[in-house]
Structures are given as C-alpha cells and as structure tokens.
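A.B. asks: Right, I'll just put the structure down here and ask away after.
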Amino acid sequence: QVQLVESGGDSVEPGGSLRLSCAASSRLFRIYVMAWYRQAPGKQRELVATITNGGSTFYIDSVKDRFTISRDNSKNTLYLQMNSLKPEDMAVYYCNRKEGTLPWGQGTQVTVSS
Numbered sequence: 015q016v017q018l019v020e021s022g023g024d025s026v027e028p029g030g031s032l033r034l035s036c037a038a039s040s041r042l043f044r045i046y047v048m049a050w051y052r053q054a055p056g057k058q059r060e061l062v063a064t065i066t067n068g069g070s071t072f073y074i075d076s077v078k079d080r081f082t083i084s085r086d087n088s089k090n091t092l093y094l095q096m097n098s099l100k101p102e103d104m105a106v107y108y109c110n111r112k113e114g115t116l117p118w119g120q121g122t123q124v125t126v127s128s
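Using our numbering, you'd call the opening residue of the sequence shown number 15 and step up by one each time.
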C-alpha cells in the first residue's frame, strides 16, 4: 500500500514562501493524478491543487498565481511551492491522489502569522 509523508511546513509571516514535499513509498505514484489538500481548524479538508502524471495542473481560485504544484516521478515526490502566503492559507497540508483514496499521512503544518 502506498504511504505518503508530507514535510516542509513551517511558520512564516504574511507574504512569505514555503515549499512542501510529499514522498510516496511506491512507484505507483507515477501513474496517479496527485493532489494537495489542506484543512484549517474547524473546517473541512479542501482540495488545493492537482497534477496529472503528464504535468497538467489545476488550482482553486484562492491560490492561483501564488501556488505551484509539481512532481518528480523519478523520486516519487510531489511538491507545492507556496508564495505570497496569506493568513487564510494557514492549515495542515496533505497530499493524496485526487480521489483521496490513499491512506492519509500526518500532514505538515503551515502557519502564517505576523
């Protein structure tokens, strides 16, 4: 079964940047449409961005032009470059298949505060 381990979260000031990583334990990663999700306190988990195995991407409106999703299939790793961070981006970030059908990892905490 594919395991996912997220990393890269930190505490930054508004306007700052972070790069999240998600390491997958299986080469099956390479055929999946992958996604980043986030869950803020008291809110439901929401889809943030997706990327196909061919590199086509999708973003929710609130992160367009600020976040970039990418993948390195040779390393079974998914990335999320986050720029111009806002307080409303603060959440625990998770990676998974777009369908959300893999076991969820522990996520990585992103805090945006002055």
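We put the beta carbon where it would ideally sit given N, CA and C, even for glycine. If you're wondering where the values come from, they're calculated on a predicted model, not measured in any experiment.
Report yes if the CB atom of E20 is closer than 8 Å to the CB atom of T122, and no otherwise.
C.D. replies: Yes, these two residues count as a Cβ contact at 8 Å.
A.B. asks: Could you check where the beta strand (DSSP E) with W118 kicks off and where it finishes?
C.D. replies: Where W118 is concerned, there is no enclosing beta strand (DSSP E), given that its DSSP letter is neither H nor E.
A.B. asks: Could you tell me whether the stretch 33-40 touches the stretch 54-62, where touching means 3 or more Cβ pairs closer than 8 Å?
C.D. replies: The stretch 33-40, when compared against the stretch 54-62, does not touch it at the 8 Å Cβ threshold.
A.B. asks: In or out: D79 buried (at least 16 other Cβ within 10 Å) or exposed?
C.D. replies: Flag for D79 reads exposed.
A.B. asks: Could you check what DSSP says for V77 in three-state terms: helix, strand or coil?
C.D. replies: Note: V77 maps to helix in three-state DSSP.
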